[in-house]
Amino acid sequence: MSSAWAARCVPLDGEYRVEGEISTLDDVLTALQARASASSGSVIRLRSDADGSLHLWFQHRGEAMWRSASDQVLRAPDAIECVDGWWQVLPAVRASRKNEQSVYLQGQSQLALAAASNGNLQLRVHFSGSERANLFSYESARVSLPIPGSGVAMTERLIWRDNRSIAPDPPPPPAPAPEPAAARDLRTKVQAALPPTATLRQFTMREKQADAHIYTRNSKEMASVEDRLHAAGILYQVISEPLWSGNGWLTTLRIDAAGAASPSAWSPSLFRVAFALDSYGDPAFATGRPTGAAGQYRVIVRSPEGRTADHYLARLRANAPMFRQIEVVSEHFEGKSRVVEVGLRTH
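Heads up, the sequence shown is in this note's numbering, so the first residue is 2 and it goes up one at a time.
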């Protein structure tokens with residue numbers, strides 16, 4: 002670099018991280034003829050020549066190869082000049098901005114570069130422009146004039162950090178381990194048994210058991226989930242009773258991978274038992290919420306005045322085959338209402 006140039010502008014030699022607000026950064030890369038070569042996160046390498054020309058190379062994030070081309074050499078005095086200690090890139094580039102009223106301003110941006118004392122690169126973008134009024138527009142041709150009084154001038158600044166001072170990007174996380182064959186086979190079996198509209202949201206294998214998180218849109222579909230798993234011979238334990246979440250039903254079932262369930266062994270959820278009672282019991286009888294577990298349940302039924310529970314029990318025996326045994330455990334009167342405790346077994 003000539004001594005006269007060096008006395009006015011500090012040489013630009015180094016590697017810097019490309020970053021900044023998008024509209025300003027777009028003007029910078031346009032002025033450096035690098036829009037096709039760089040983007041935010043890239044690295045730029047600069048080298049000054051004795052004649053005042055500036056060489057540029059770009060490296061995309063994660064790449065090892067440096068990109069260069071003959072048109073990325075800014076040669077003095079046509080493409081770059083030294084002005085008040087700044088490397089000013091020529092010519093100014095067409096640019097636009099939005100003002101506080103979100104109105105587009107059209108004009109040009111002038112880029113200047115300078116070395117910072119801490120090893121970083123300073124960038125100064127001076128934008129000047131105004132609102133414009135269209136006089137004529139046809140296809141790609143347009144004639145417009147600046148609107149008087151709308152002119153704006155502003156200076157925006159960016160800092161590109163010395164790339165050597167930036168910690169390298171962390172390595173990508175390791176790829177997840179492949180799903181074990183046993184887990185894949187069990188998940189496939191469970192998925193095949195679910196109703197078409199049910200969703201297996203999560204399936205977590207733990208040794209010889211798996212937790213299946215299942216979602217359905219309505220209570221009938223949720224009841225069908227347990228029916229179909231039982232029909233497929235899949236042994237499960239209810240970890241989380243079906244719960245309405247605001248837009249659907251969610252449950253967590255623990256699936257046993259060790260063996261299949263026998264047709265007679267079934268421990269449905271309290272939700273499934275209540276669904277059967279609501280669906281097949283007599284609506285004239287007030288049915289409480291069932292209690293119990295492991296295939297043995299109790300429910301309190303209140304009969305209307307003058308009626309016994311026989312009709313209610315007959316309807317259940319005829320329409321709810323999931324209950325292998327239905328019996329009266331106890332009964333008493335409360336006022337004129339007969340209160341019956343019914344025992345239910347599913348195996």
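Even glycine gets a Cβ: it sits at the ideal position worked out from N, Cα and C.
- Only residues of its own chain outside the window of five on either side were considered, and among them none has a CB closer than 8 Å to the CB of A176.
- Assignment of alpha helix (DSSP H) within the segment 176–246, counting only whole runs of 4 or more residues, yields 182–194, 220–232 in chain order.
- W87 is bridged by DSSP to V84.
- Distance from the CA atom of D27 to the CA atom of P174, rounded to whole angstroms, is 31 Å.
- In the DSSP assignment, N135 falls outside any alpha helix (DSSP H) and within the unbroken beta strand (DSSP E) covering 133–139.
- Straight-line spacing of the CA atoms in Q192 and A184 works out to 12 Å.
- For V19, the three-state secondary structure derived from DSSP is coil.
- Cβ contact annotation for G249 (same chain, cutoff 7 Å, sequence separation greater than five): Y216, T217, R218, in chain order.
- At the C-beta level, G130 and R98 come within 8 Å of one another.
- Taking a cut-off of 8 Å for Cβ pairs, the segment 252–259 and the segment 279–294 do not touch, as fewer than three such pairs fall below it.
- Setting aside the 5 residues that flank it on each side, G344 is surrounded in the same chain by Q297, Y298, R299, Q326, I327, E328, V329, V330, each with a C-beta closer than 8 Å to its C-beta; the list follows chain order.
- With 16 or more other Cβ atoms inside 10 Å of its own Cβ, M323 counts as buried.
- Secondary-structure assignment with DSSP links W250 through a beta bridge to T217, W245.
- Cα atoms of A32 and L124: separation of roughly 12 Å, rounded to the nearest angstrom.
- For I167, the number of other beta carbons within 10 angstroms of its own is below 16, and it is reported as exposed.
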